[in-house]
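Shown next, in the form of structure tokens:
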């Protein structure tokens, strides 16, 4: 192969390489900015948006009912949120479910329905939700319910069950704190990148 | 009016003052030449005096009404003007004049490059003018921890509606953007 031919071959090879890199770059850009819903594995579906809108309306309804002192109706509104199709495959839906459960738990506790509140909260906590500030909040609500129970048992003279409830409450608060710490660390790390 | 009066009014002597002698033959010929010169008719001038008379008459005629050049005369004038202009500009070329073609070529190349740059940048400008496509993250369902930014405090427990307002508004923006862009519209 003559030197001239060799140089030409190198130029052609370089051009092909540059073209391939450019094509790869374009594909990557398309991939990163693709607005098509099917681009992500969990695109925002209309069904989710409708569910979130319904939950939002029910929360506002509950706010207004509580303002006018209609606690029972407020509780019904929050129960209606939990009756929505809040599937865990959508993180937002799961979070709404956890938040509604926390709110309902607090409302039931406020009404003195401690047992039902705890059952509801523990049911949600046992559903294996992903870690979030909502899950941490629900752990905290569980801690509050157990704390209230411990106080009630203590007042009733049931020392050992009261201590047991207090220990569980402390554990619940601790879990809440740990979740928050991990999430805040993640957010900080993401912020640095 | 009798025949004698009629002949008298049509003849050159009509209205001639009685105390004036009649025009001589030479005067009649001179008058005839002047008329022909003013009319632009007649044969070629016989001598220099007549040529001068014709020129003066032509000026008078041109001042009195629009005069058209004969094609031959027009072509001659144009040829003379071009020849004069060419001679007037046939001076030795300056350095600038010698460089003019190269400068023109350089300017053309610069103009062409500028045009290519503008054309090349046009799609980029259009892309910048358009709203940026929704990044994949905006178009998907995802945890909203980053949206909340911090743990839910005790006093915020009852503010579920406010939290959901925040999350819903964010997701609705992504949803709307995704759908409208997918449909070829602008959010």
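Chains as they are written, first to last, in the numbering used here: chain A, 1 to 193; chain B, 1001 to 1187. Glycine residues also receive a C-beta, built at the ideal position from the N, C-alpha and C atoms. These figures come from a predicted structure and were not determined experimentally.
- In this structure, the straight-line span from the alpha carbon of residue 1150 of chain B to that of residue 1143 of chain B is close to 13 Å.
- Residue 149 of chain A sits buried, since 16 or more C-beta atoms from the chains shown fall within 10 Å of its C-beta.
- Residues of the region 69 to 98 of chain A with a C-beta atom less than 7 Å from some C-beta of chain B are 90, 91, 92, 95, 96, listed in chain order.
- Minimum Cα-Cα distance from residue 176 of chain A among the listed residues A:91, A:138, A:128, A:95 corresponds to A:138.
- Legend: CB atoms of the region 110 to 142 of chain A lying less than 9 Å from CB atoms of chain B belong to residues 130, 131, 132, 133, 134, 136, 137, 140, 141.
- Linking residue 1073 of chain B to residue 1102 of chain B through their CA atoms gives a straight-line distance of about 41 Å.
- Taken in chain order, the members of the region 168 to 183 of chain A whose beta-carbon sits within less than 7 Å of a beta-carbon on chain B are 180, 183.
- A residue is called buried once 16 or more other Cβ atoms fall within 10 Å of its Cβ, and residue 157 of chain A, having fewer, is exposed.
- Around the beta carbon of residue 90 of chain A, 16 or more other beta carbons lie within 10 angstroms, which makes this residue buried.
- Relative to residue 74 of chain A, the option among B:1030, B:1116, B:1160 whose CA is nearest is B:1160.
- A Cβ-Cβ contact shorter than 8 Å links residue 120 of chain A with residue 104 of chain A.
- Residue contact check for residue 103 of chain A against chain B: a CB pair falls below 8 Å.
- CA-to-CA, the gap between residue 1096 of chain B and residue 1062 of chain B works out to about 45 Å.
- In this structure residue 129 of chain A is in contact with residue 98 of chain A, their Cβ atoms being roughly 6 Å apart against a cut-off of 8 Å.
- Cβ-Cβ distances below 7 Å link residue 112 of chain A to nothing in the same chain once the five nearest sequence neighbours on each side are left out.
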